[in-house]
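In mature numbering (1 follows the signal peptide of the UniProt record, and there is no 0), the protein residues as written are -25 to -1, 1 to 142.
In structure tokens, the structure reads:
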């Protein structure tokens, strides 16, 4: 008797041996999250491809359209179409990313840096960016009662920050 079950994004068939297939792109969102098992990527009444990423349908994310998986497509970053005309950066490899002062992850292929400006920053989503701590000034108390760091070179270029959790 064979049995099919879902294990962290892989379909496995148990007979005498275990045979697993890599997760289909339809099961993974543009940010690398797995879709809820009861709500796979699809149009679901909207003009973009998406799925719920939590059991209670409170969190959702865009998905790459079928036939256009997350890839570089001759650019320096990963991206895909999630609708007929709209695209997004995407990340299905779940690599560790640089973090901003607010604890947000930089986009796939992005890192904290000056990128032509006098402060450190990175893109956290399309059209949105956030400050990053300077490499030589980590998020810490620095003699204060709160965590902060410098993101630029002027005395006023500092921000409250969330220290990275060490795993």
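Using N, Cα and C, we set each Cβ at its ideal position, and we do this for glycine too.
All values derive from a computational prediction rather than experimental measurement.
Query: Residue 40 by DSSP, collapsed to three states: which one?; Result: coil
Query: Tell me the start and end of each unbroken beta strand (DSSP E) in the region 14 to 97 that is at least 3 residues and wholly inside, in chain order.; Result: 25 to 27, 35 to 37, 54 to 56, 62 to 64
Query: Would you decide whether residue 85 is buried or exposed? Buried here means 16 or more other CB atoms lie within 10 Å of its CB.; Result: buried
Query: Among 81, 122, 5, which one has its Cα closest to the Cα of residue 46?; Result: 5
Query: So, helix, strand or coil for residue 12, using DSSP?; Result: coil
Query: Any idea if residue -4 is buried or exposed, counting beta-carbon neighbours within 10 angstroms, 16 or more meaning buried?; Result: Because residue -4 carries a pLDDT of 34, less than 50, the predicted location of this residue cannot be relied on, and the following value inherits that uncertainty. When all chains shown are included, residue -4 counts as exposed.
Query: Could you pull the DSSP bridge partners for residue 127 from this structure?; Result: 94
Query: Please determine, among 48, 127, 55, 10, the residue with the shortest C-alpha to C-alpha distance to residue 92.; Result: 127
Query: In three-state terms, what does DSSP make of residue 134?; Result: strand
Query: Quick one: Cα of residue 100 to Cα of residue 139, how far?; Result: 20 Å
Query: Per DSSP, residue 106 forms a beta bridge with which residues?; Result: 96
Query: Going by CA-CA distance only, name the one from 90, 17, 30 that's closest to residue 106.; Result: 90
Query: In or out: residue 24 buried (at least 16 other Cβ within 10 Å) or exposed?; Result: buried
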